[in-house]
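With the first letter of the sequence shown counted as 1, position 45 gets the number 44 in numbering that gives the first Met the number 0; the numbers rise by one all the way through. Where a beta carbon is used, it is the ideal one built from N, C-alpha and C, also for glycine.
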Amino acid sequence: MSRTRSGFVVIKTTAGPRLASNRAMDKSLDTDKRLTELEIKASFTEDLLDQLNQVIVRQQQQIDLLVREVARLGQQGAPSDGTSTRSLRDELPPHY
């Protein structure tokens, strides 16, 4: 042990074990950082999945509504007696 001019104590150690512990600590910090980043990505992925699920639910509701509307329009346009079918060839074009 020795003292500097300012009074600080300097302890000399071997660099070998200290470097090994620093490497282990760096690995641990690196692993913690990577784990945190993965948890953040997983959280964002879950949020995105929820949003996409809501979009799909809304789209299915719109599809169901449109299917009902097409069925209703098909019933309105259908002839009541079922025998009078019109051919577009029988009708005159609008410019005549």
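When the Cα atoms are used, what is the spatial distance from residue i to residue j?
{"i": "residue 42", "j": "residue 59", "result": "26 Å"}
{"i": "residue 75", "j": "residue 56", "result": "29 Å"}
{"i": "residue 72", "j": "residue 47", "result": "37 Å"}
{"i": "residue 97", "j": "residue 61", "result": "Only positions 0 to 95 of the chain appear in this structure, which leaves residue 97 out of reach."}
{"i": "residue 77", "j": "residue 53", "result": "36 Å"}
{"i": "residue 40", "j": "residue 30", "result": "15 Å"}
{"i": "residue 45", "j": "residue 88", "result": "57 Å"}
{"i": "residue 34", "j": "residue 69", "result": "52 Å"}
{"i": "residue 36", "j": "residue 65", "result": "43 Å"}
In three-state DSSP terms, what is residue i?
{"i": "residue 37", "result": "helix"}
{"i": "residue 63", "result": "helix"}
{"i": "residue 32", "result": "helix"}
{"i": "residue 23", "result": "helix"}
{"i": "residue 48", "result": "helix"}
{"i": "residue 77", "result": "coil"}
{"i": "residue 85", "result": "coil"}
Check whether chain D comes within 7 Å of residue i, counting only Cβ atoms and requiring the distance to be less than that.
{"i": "residue 42", "result": "The structure shown contains no chain D; it holds only a single protein chain."}
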